[in-house]
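Note sheet for the following structure.
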Amino acid sequence: MWRRATKSSLFLRLLKPSKHNASLSQSSTNGFPFHIHTHTHFQEKHGIFSKEVAPFITFVLGGPGSGKGTQCAKIVETFGFNHLSAGDLLRREMDSDSEYGSMILNTIREGNIVPSEVTVKLILREMESSDNHKFLIDGFPRSEENRIAFEKISGVEPHMVLFFDCPEEEMVKRLLSRNQGRIDDNIDTIKNRLKVFEALNLPVVEYYAKRGKLYRINAVGTADEIFEQVRPAFEACEVAK
Ligand code: C5P
Ligand code: MG
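Heads up, the sequence shown is in the working numbering, so the first residue is 6 and it goes up one at a time.
Shown next as structure tokens:
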């Protein structure tokens, strides 16, 4: 079980919203705008997590419209993970009374990447408040900068990484027909999202492939057909079941 250690953990204090000192231009000595000491004694156990059970982390990567969200819903249903979508967390932060709201809105509208410290902070806050220790982190890391920031701040690495490999024309077709009312599902932003994906996200995919953590999935077909390729990755992993 993913047991809470103490409410007043160092971790929670570090991740408290810090309206006063969290402006993006202000940097602490470790390069992040809020004061996180990257090598505390907590990392010797499970990174900075104040839990007794180590988190089991799966990153879910793939281009825009490759079906990450759809497959994550199936993984949640079948294997009982907690699904954290980086894009959804950013949109929620944007809609709240956040000091980062307009920066996130402008970045998403253009299809660019939000600074890692903001995204990592949102993800870690969700992880710390969850009672489930199995996490699917979807749409993250979107860049090497995202990946390095997560590892540096949390002190933990993913156990496995799923990559939904989908041809561009199929992704564009899905994005233009899904009608979710998103400000970034228009052809101009989609073109930039695809460029950003190729330039910044593919190097992350290659990084995990070299480390033997990547499951490459052919993301063309029905959701059920694609899930039959996803299932064995989790079935092969005792901890994930
Ligand atoms: O994953 P999703 O398509 O929901 O992401 C929407 C947008 O959120 C991305 O195009 C990007 O602007 C932003 N995002 C980000 N960093 C992430 C994930 C999403 O900046 N790690
Ligand atoms: Mg999504």
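Idealized CB from N, CA, C, for every residue including glycine.
Keep in mind the model is a prediction, meaning the values are calculated, not measured.
Residue i CB to nearest heavy atom of ligand 1 below 8 Å
i, result
"Pro237", "no"
"Asn223", "no"
"Pro2", "In the structure as shown, the chain starts at 6 and stops at 246, and residue 2 therefore has no counterpart that could be examined."
"Ile153", "no"
"Leu167", "no"
"Ile118", "yes"
"Ile62", "no"
"Thr124", "yes"
Residues bridged to residue i [DSSP beta-bridge criterion]
i, result
"Leu110", "According to DSSP, Leu110 bridges with nothing at all."
"Val65", "Asp143, Leu167"
"Arg152", "Answer is none; Arg152 lacks a bridge partner."
"Arg221", "Phe168"
Where the alpha helix (DSSP H) containing residue i begins and where it ends
i, result
"Ile196", "A small correction: the amino acid at residue 196 is Lys; Ile does not occupy that position in the sequence shown. Here the alpha helix (DSSP H) through Lys196 covers 192-201."
"Ser90", "Per DSSP, Ser90 belongs to no alpha helix (DSSP H); it is in the beta strand (DSSP E), 87-90."
"Val81", "73-84"
"Ala241", "Element bounds for Ala241: n/a, residue is neither H nor E."
"Glu104", "No alpha helix (DSSP H) holds Glu104; DSSP gives it neither H nor E."
"Val125", "121-133"
"Val177", "173-182"
Anticipated Cβ contact below 8 Å, residue i with residue j, distance rounded
i, j, result
"Val235", "Gly116", "No, Val235 and Gly116 are not in contact; Cβ-Cβ is about 26 Å, not under 8 Å."
"Ser121", "Ala91", "The pair is not a contact, with the Cβ atoms about 10 Å apart (cut-off 8 Å)."
"Phe232", "Lys79", "5 Å"
"Val209", "Glu175", "Actually they do not touch by this definition, with Cβ atoms about 21 Å apart."
Given residue i as reference, the closest of the options once Cα atoms are compared
i, options, result
"Asp170", "Gly72, Glu162, Ile53, Ala59", "Gly72"
"Leu141", "Asp190, Glu230, Val81", "Val81"
"Leu94", "Val225, Gly85, Tyr105", "Tyr105"
"Phe64", "Asp229, Ile113, His164, Glu174", "His164"
"Val58", "Thr112, Ser159, Ala154, Asp136", "Asp136"
"Arg179", "Val161, Thr227, Ala214, Leu110", "Thr227"
"Ile158", "Ser103, Asn184, Ser182, Val123", "Val123"
"Tyr212", "Glu98, Ser101, Phe239, Ser148", "Ser148"
"Ile118", "Ser103, Phe145, Val244, Asp193", "Phe145"
Residue i: first and last residue of the uninterrupted beta strand (DSSP E) it sits in
i, result
"Leu205", "Neither: Leu205 is in no beta strand (DSSP E) and is coded neither H nor E."
Closer than 8 Å: residue i CB and nearest ligand 2 heavy atom
i, result
"Lys73", "yes"
"Gly92", "yes"
"Asp189", "no"
"Gly144", "yes"
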